[in-house]
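J.:
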Amino acid sequence: MSKVTNEEGEVISNTIRIGKGGDYANLDALVMDATNNLIAPWHQESPDLVVICGRKLLADKYFPIVNQEQANTEAMAADVIVSQKRIGNLPAVRVPFFPANAIMVTSLENLSIYFMDESHRRHMEENAKRDRVENYESMNIDYVVEDYAFGCLIENIELLAKTTETNPDAVKALAGELVKEMKEAAQQEATGEQPANDKA
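Just so we're aligned, residue 1 is where the sequence shown starts under this note's numbering, counting upward by one.
1. Secondary structure at F97, three-state DSSP: helix, strand or coil?
2. Could you pull out every residue in the same chain whose Cβ sits closer than 8 Å to the Cβ of V82, ignoring the five residues on either side in sequence?
3. In its own chain, which residues sit with a C-beta less than 8 Å from the C-beta of F150, not counting the 5 before and 5 after it?
4. Can you list the alpha helix (DSSP H) stretches of 4 or more residues lying completely in the stretch 30-88, in chain order?
5. Spatial neighbours of A200 within its chain, please: CB distance less than 7 Å, with the 5 preceding and 5 following residues excluded, ordered by chain position.
6. Would you kindly work out how many angstroms separate the C-alpha atoms of E181 and R55, rounded to a whole number?
7. Measure the alpha-carbon distance for Y114 versus Y143 and round it to whole angstroms.
8. Report the rounded CA-to-CA distance for P91 versus L57, giving the unit in angstroms.
9. What's the gap between the Cα of S119 and the Cα of Y136?
10. Rounded to a whole number of angstroms, what is the C-alpha to C-alpha distance between D121 and R94?
11. Taking DSSP as the reference, what is the three-state secondary structure of E118?
12. Using a 10 Å radius around the Cβ and a threshold of 16 neighbouring Cβ atoms, would you call T35 buried or exposed?
13. For a test of the three-state rule: what should DSSP assign to A185, helix, strand or coil?
14. Pick out whichever of R17, R86, V80 and A78 has its Cα sitting closest to the Cα of L49.
15. Specify, as a first and last residue, the run of the beta strand (DSSP E) that Y143 falls within.
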């Protein structure tokens, strides 16, 4: 994050550029760097950390993987990758109406809703002229981030246009390896054999 903020935490760049020639090569690198530098050290290893984002960023990340003609093996590997829904090795949580150019890294338990006791007010009255019953309801509600050190908000993310196409041979090689590993794991589970690494 040194390219975006200085040592005092002051913003020195208005946008965070993602892509070739930008501040980060991809969203995964951005999330990993933010987790290591913007979250308190005693929270960085928490297994509850998630990436909260909107639909657009998830689509930008996974759309290139599925937007191509693929053989069955490559399509299966793409389905496995897309189903993971992970950014920066953290689970991605899509929230409706979340800002399209922002990401929040925190734990869901760090976000709370507070209701003020005895603040719930409700009044109902019949409106015969409009053939309806009108309901008036109000409540004092507060949305709270419990610990600001247990999260970070990254805004103004700009995805740069890709200048080169993905190497299809590299994609096929990765898909082939994934399928191979899945077949070996399924075969070992069926036969009850232990993986080679686990054998004494």
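Note that beta-carbon positions come from the ideal geometry of N, C-alpha and C, so glycine has one too.
T.: Let me spell this out:
1. Along the sequence shown, one-based indexing puts residue 97 at 97. F97 falls in the coil class under three-state DSSP.
2. If you number the sequence shown from 1, residue 82 lands on position 82. The answer, listed in chain order, is Y62, I65 and V66.
3. To locate residue 150, count along the sequence shown from 1; it is residue 150. So the list reads I39, A40, H43, S46, T106, S107 and N110, once near-sequence residues are dropped.
4. 55-66 and 72-84
5. Counted from its first residue, the sequence shown places residue 200 at position 200. Residue confidence is low: A200 scores 48 on pLDDT, short of 50, so the model does not pin down where it sits. No coordinate-derived value is stated.
6. By one-based count along the sequence shown, residue 181 stands at place 181. By one-based count along the sequence shown, residue 55 stands at place 55. Going from the Cα of E181 to the Cα of R55 covers about 30 Å.
7. As a first step, residue 114 is located in the sequence shown; it is residue number 114 there, counting from the start. As a first step, residue 143 is located in the sequence shown; it is residue number 143 there, counting from the start. So the alpha carbons of these two residues sit roughly 6 Å apart.
8. Position 91 of the sequence shown, counted from the first residue, corresponds to residue 91. Position 57 of the sequence shown, counted from the first residue, corresponds to residue 57. Between P91 and L57, the C-alpha separation is close to 14 Å.
9. The residue given as residue 119 occupies position 119 in the sequence shown. The residue given as residue 136 occupies position 136 in the sequence shown. Distance between the alpha carbons of S119 and Y136: 14 Å.
10. Within the sequence shown, numbered from 1, the residue matching residue 121 stands at position 121. Within the sequence shown, numbered from 1, the residue matching residue 94 stands at position 94. For clarity, residue 121 is Arg in the given sequence; the question names Asp instead. Cα to Cα, R121 sits roughly 32 Å from R94.
11. The sequence position of residue 118 within the sequence shown is 118, counting from 1. In the structure shown, E118 sits in coil (DSSP, three-state: anything other than H, G, I, E or B).
12. For the purposes of this step, residue 35 is identified with residue 35 of the sequence shown, where counting begins at 1. Buried, because 16 or more other Cβ atoms sit within 10 Å of the Cβ of T35.
13. Your numbering for residue 185 matches position 185 in the sequence shown. In the structure shown, A185 sits in a helix (DSSP, three-state: H, G or I).
14. As a working note, residue 49 is residue 49 in the sequence shown. Answer by Cα proximity: R86.
15. The residue you call residue 143 lines up with position 143 of the sequence shown. Unbroken beta strand (DSSP E) run through Y143: I141 to V145.
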